[in-house]
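Input: a single structure, listed below in C-alpha cells.
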Amino acid sequence: MIQPLIWENDTLKLIDQRKLPLEETYVEVTNLEECFDSIRVMVVRGAPLIGFTALWGMVLDIINNPTYSIEQIQKSAEYLKEARPTAVNLAYEVDRAVAIAKEDLGSYEKNLRKFAQEQMDLLHENNLTMAKIAQADLEKRFGDKKLRLMTLCNTGALACGPMGTALGVISHLASQDKIEMVYASETRPYLQGGRLTAYELIKENIPHKITVEGAFSYILENKLVDAIFIGADRIVSNGDTANKIGSSSLAIVAKYYGVPFYVVAPTSSFDMASKTGDEIEIELRPEDEILNALSARIAPHGSGALNPSFDVTRAKNIAGIVCEKGLIADPITTESLTKIVES
Ligand code: MRU
358 MIQPLIWEND
368 TLKLIDQRKL
378 PLEETYVEVT
388 NLEECFDSIR
398 VMVVRGAPLI
408 GFTALWGMVL
418 DIINNPTYSI
428 EQIQKSAEYL
438 KEARPTAVNL
448 AYEVDRAVAI
458 AKEDLGSYEK
468 NLRKFAQEQM
478 DLLHENNLTM
488 AKIAQADLEK
498 RFGDKKLRLM
508 TLCNTGALAC
518 GPMGTALGVI
528 SHLASQDKIE
538 MVYASETRPY
548 LQGGRLTAYE
558 LIKENIPHKI
568 TVEGAFSYIL
578 ENKLVDAIFI
588 GADRIVSNGD
598 TANKIGSSSL
608 AIVAKYYGVP
618 FYVVAPTSSF
628 DMASKTGDEI
638 EIELRPEDEI
648 LNALSARIAP
658 HGSGALNPSF
668 DVTRAKNIAG
678 IVCEKGLIAD
688 PITTESLTKI
698 VES
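In our numbering, the protein residues as written are 358 to 700.
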C-alpha cells in the first residue's frame, strides 16, 4: 500500500511526490517551516493530504514550542494557510487545530495528536462510502457493464491517504473487475496524471492509458469514455468547483458530448461560506514549472508563462457531486447541496 504520509517518532515523513515514479524517497519534516515548504514546493499535494500535513505541522509546532499562547498558535495557522491558497482543506484543518487549542490549551498537544490521527482514519472510511455512492449512480446509468472512465490530476492515495476520492471510485470498481479502461490525463505542468495517477494504477494493476489534455475532445467525440471522475480543491455552496487546471475544459467538452462528469470530494473540501466560484482564489504557480521540464529549460529564453494551478468548473457542467453524505445531482443548486452537506 502506498504511504504518502507517515507519522513516526514525532517526525513527519512525506513521500517526495516530485520524484515519483522514478524514485520512492521520503522527506523528513520536523518543524513548521519545513512543513510550509513541503506544501509550497509540492513534495506533498492533493487537497486532503495538504490538510493532514498541515495538521501534523501544527503538532510539530507545539512539540517544538510547548509554551505557545493561543495567539502564537493562531499565527502558525495563518502562516501555514499561505502555503497554498486554493485547497480549502488546508485552512479548514488548521482552523480546527486552533479551535482545539482554544478549547483547552493545557491539553492541546495531546488532543491535537489524537485529532490528527482520527481525521486520517475517518477519511479512509469516507472514501469508501463515496466510492459506493458513485458506484450506485453508475449502475443506474450503465447497469453492470465494465466501464471506461477518465480522470484528471491525481486524486488517489497520494492525494488523500488510503484509497483516494475520484481515483478511489476507480480503484473500488477495479477491485470488483468492473473497469475496462482508465484514461489518465497527463496534467501539465506537474504531471500528476502522467506520473502519479499512472504510478497508482500500475501498483493496483488497473488497465490504463495516459493522454494529454489536448485529447479531451478526440476521446469524448470518439466515445472512448463512459464517465469522468475528478476530485476537488474547493466546492462552494452553489456547486462551483475549483480543481486542477483543465478540469473546467474537460467538463465543458463532456457536456457537449453528453458524457457524465462527476466530482468526488469529502465535506472537508466544501466551502459553504462562499456563494459562487468567482470568490475562489486561484493559485498562480511559478513560471518555471512550464518553461522547464526535468529541470532543463525547454522554452526559449525570454518567453514568459502563465501558470494558474486550478480552474473553476461551473455547477451547470457537473452531472453529480459525491461526498460522504450522499450524491448532489439533478439539479445541483445551493439548496440541494446545502441539504446534503449540512445533513
Ligand atoms: O496541485 P495539486 O496536485 O495539489 O492539485 C490537486 C488536485 O487538483 C486534486 O484533484 C484535488 O486536490 C483533489 S485530491 C483528492
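From the three backbone atoms N, C-alpha and C, an ideal C-beta is built for every residue, glycine too.
Between residue i and the ligand MRU, is there a pair consisting of the residue's CB and a ligand heavy atom that are separated by less than 6 Å?
i	result
A491	no
S395	no
G551	no
T624	no
D668	no
D590	yes
N421	no
G408	no
G525	no
T382	no
A403	The sequence shown places Gly at residue 403, rather than the Ala named in the question. Yes.
T486	no
N600	yes
T443	no
A514	no
T695	no
Select from the options the residue whose C-alpha is nearest the C-alpha of residue i.
i	options	result
R545	H529, R498, V569 and I576	V569
L412	L524, P519 and N446	N446
L557	E636, A444, L524 and P617	Just to set this straight, residue 557 is Glu in the shown sequence, not Leu. Taking only the C-alpha atoms, the option nearest E557 is L524.
H565	L504, I427, E428 and T522	L504
Y449	E460, T410 and Y425	T410
N600	Y619, D461 and Y575	Y619
M399	E646, H481 and F627	E646
D452	M415, I420, T424 and R470	M415
E638	G659, F573, L694 and D590	D590
E365	R470, E391 and P378	R470
H481	L515, T691 and G551	L515
K560	L479, K467, I697 and S528	S528
Tell me which residues share the same chain as residue i and place their Cβ nearer than 7 Å to its Cβ, disregarding the 5 neighbours each side in the sequence.
i	result
D494	G677 and L684
I407	I396, V401, R441, A444, N446 and L447
I602	P665, S666, F667 and D668
T554	T508, N511, G513, L524 and A541
C517	G403, P405, L406, L480 and N484
Could you give the DSSP three-state label for residue i: helix, strand or coil?
i	result
I372	strand
T512	coil
I587	strand
P378	coil
R397	helix
K507	Per the sequence presented here, residue 507 reads as Met, with Lys not at that position. DSSP places M507 in strand when its eight states are reduced to three.
V698	helix
N600	strand
V610	helix
K566	strand
L684	strand
N484	helix
N468	helix
A676	coil
Leaving out five residues on either side along the sequence, give the residues of the same chain with a beta carbon under 6 Å from the beta carbon of residue i.
i	result
A672	N595, G596, D597 and I689
R642	N664 and S666
L530	I536
Starting from residue i, trace the alpha helix (DSSP H) both ways and give me its first and last residue.
i	result
V451	V445 to E460
S660	Where S660 is concerned, there is no enclosing alpha helix (DSSP H), given that its DSSP letter is neither H nor E.
Excluding the 5 residues flanking residue i on each side, which residues of the same chain have their C-beta closer than 8 Å to its C-beta?
i	result
T382	I372, D373 and K376
K432	none
D534	K503
Beta strand (DSSP E) containing residue i: first to last residue?
i	result
H529	Not the beta strand (DSSP E): H529 falls in the alpha helix (DSSP H), residues A523 to A531.
L362	L362 to E365
V384	Y383 to V386
Any beta carbon from chain B within less than 7 Å of residue i's own beta carbon?
i	result
Y465	No chain B is part of this structure, which consists of one protein chain only.
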